[in-house]
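*Asks:* Going by my numbering, the sequence shown opens with residue 210, and the numbers climb by one from there.
Beta carbons: idealized from backbone N, C-alpha and C, even for Gly.
Take this structure, written in structure tokens, and hold onto it; I'll ask about it next.
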Amino acid sequence: MNPGDLIVTRTLRSDLCYAEELTFFRVPCFLLDRSAEVLRRDSVIHFSGASGLAALVSRFLSALARTSPSQDPAVGRRLALNTADLVALLMNEVHERSTAGSVDPGRELLLRIQGYIQENLADSDMSPESIARAHHISVRYLHKLFQADGTTVGAWIRQHRLAACRLDLRRQHRAVAVVAQSWGFTSPSHFSRLFRKAYGLSPKEWQNSGI
């Protein structure tokens, strides 16, 4: 690695040689969304900080590392989310380059469907039937696309709704039931059970934890 270079990895590797001065940033995968998929193929991704988007992200992270933590929790959370967005943007650039010229039609359709689902997460009436109908495919083929990606339609929707609720519970400090309903969960008690199972805390505990 040269000064200003970046690496992205799922876990710290003992077989990598790290520089004497290196700053580590931990970014939850759910904040990277689809751009995190490239990490499934590559355990370590190296970015040259000499030019392009990587250089901009590198300079931002370097400045952030030298900045004293904000005493205002709201400012800190906002800064953390913006940082994750920049990393996701950088990862997405790699993902697009790796798939250019060799696009699998099924994969392309799956990504388009996932984008559609994200745009309609708040719709509690969204179902495999309505999603398939919107894309002119059968429900069976829709399930097949998600199974090939190692998940199910319902699990993918649930995961992203929970992630959206998780962020909103911190950013807006609204009632748990209101946040759940705004992201398509019709039963607050069912939402609370799913949230605890996914994150190990109840929605209210997460909202008040400051983690």
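Once the 5 residues before and after Asp377 are set aside, which same chain residues still bring their CB inside 6 Å of it?
*Replies:* Within the sequence shown, residue 377 is the residue found at index 168, counting from 1. Val388.
*Asks:* Have a look at Leu231, Gly409, Thr218 and Ser336 and flag the residue whose alpha-carbon is nearest the alpha-carbon of Arg375.
*Replies:* Numbered from 1 along the sequence shown, position 166 holds the residue referred to as residue 375. Nearest C-alpha to Arg375: Gly409.
*Asks:* Specify, as a first and last residue, the run of the beta strand (DSSP E) that Ile216 falls within.
*Replies:* Sequence index remark: in the sequence shown, residue 216 carries index 7 (1-based). Ile216 -> beta strand (DSSP E) spans Leu215 to Thr218.
*Asks:* Just the C-alpha distance for Ala274 and Lys406, rounded to the nearest angstrom, thanks.
*Replies:* As a working mapping, residue 274 is identified with position 65 in the sequence shown. As a working mapping, residue 406 is identified with position 197 in the sequence shown. Going from the Cα of Ala274 to the Cα of Lys406 covers about 33 Å.
*Asks:* State the Cα-Cα distance for the pair Ile254 and Thr360, rounded to the nearest angstrom.
*Replies:* As a working note, residue 254 is residue 45 in the sequence shown. As a working note, residue 360 is residue 151 in the sequence shown. C-alpha separation (whole angstroms): 25 Å.
*Asks:* Would you call the region 283-298 and the region 265-273 touching, i.e. three or more CB-CB distances under 8 Å?
*Replies:* The region 283-298 vs the region 265-273: in contact.
*Asks:* Between the C-alpha atoms of Arg380 and Thr292, what's the straight-line distance to the nearest angstrom?
*Replies:* Counting from 1 along the sequence shown, the entry for residue 380 is found at position 171. Counting from 1 along the sequence shown, the entry for residue 292 is found at position 83. Whole-angstrom Cα-Cα distance: 15 Å.
*Asks:* Taking the C-alpha atoms as reference points, what is the distance between Ala425 and Tyr325?
*Replies:* Nothing in the structure corresponds to residue 425, since the chain is present only between 210 and 420.
*Asks:* Quick test of your reading: Gly213 and Ser267, contact by CB under 8 Å. State the CB separation rounded to the nearest angstrom.
*Replies:* Position 4 of the sequence shown, counted from the start, is the residue given in the question as residue 213. Position 58 of the sequence shown, counted from the start, is the residue given in the question as residue 267. About 5 Å; that satisfies the 8 Å criterion.
*Asks:* Where does His399 sit, in a helix, a strand or coil, going by DSSP?
*Replies:* Taking the sequence shown and counting its residues from 1, one reaches residue 399 at position 190. In the structure shown, His399 sits in a helix (DSSP, three-state: H, G or I).
*Asks:* Starting from Phe355, follow the alpha helix (DSSP H) in both directions and report where the run begins and ends.
*Replies:* The residue labelled residue 355 in the question sits at position 146 within the sequence shown. Its alpha helix (DSSP H) spans residues Val348 to Ala357.
*Asks:* Go through its chain and collect everything with a Cβ distance to Asn329's Cβ below 8 Å, but skip five positions before and after it.
*Replies:* Translated into the one-based positions of the sequence shown, residue 329 becomes position 120. Contacts found: Met335.
*Asks:* Taking only the alpha-carbon atoms, compute the straight-line gap between Asn417 and Pro314 and give it to the nearest angstrom.
*Replies:* Taking the sequence shown and counting its residues from 1, the one referred to as residue 417 is at position 208. Taking the sequence shown and counting its residues from 1, the one referred to as residue 314 is at position 105. If you take the alpha carbons of Asn417 and Pro314, they lie about 44 Å apart.
*Asks:* Could you check which residue in Leu351, Lys353 and Trp392 has the C-alpha nearest to that of Arg370?
*Replies:* The residue you call residue 370 lines up with position 161 of the sequence shown. With distances taken between Cα atoms, Arg370 lies closest to Trp392.
*Asks:* When DSSP builds the beta bridges, which residues end up paired with Leu256?
*Replies:* What you label residue 256 is simply residue 47 of the sequence shown in a count that begins at 1. Going by the sequence as given, residue 256 is Phe instead of Leu. For Phe256, which the question treats as bridged, DSSP gives the partners Leu215.
*Asks:* Using CA atoms only, rank isn't needed, just tell me which of Ser396, Gln368 and Val236 is closest to Arg219.
*Replies:* In the sequence shown, residue 219 corresponds to position 10, counting from 1. Here the closest residue by C-alpha is Val236.
*Asks:* On a CA-only basis, which of Trp365, Arg342, Phe394 and Asn211 is nearest Ser260? Give me that one, please.
*Replies:* For this step, residue 260 is matched to residue 51 along the sequence shown. Ranking the options by Cα distance to Ser260, first place goes to Asn211.
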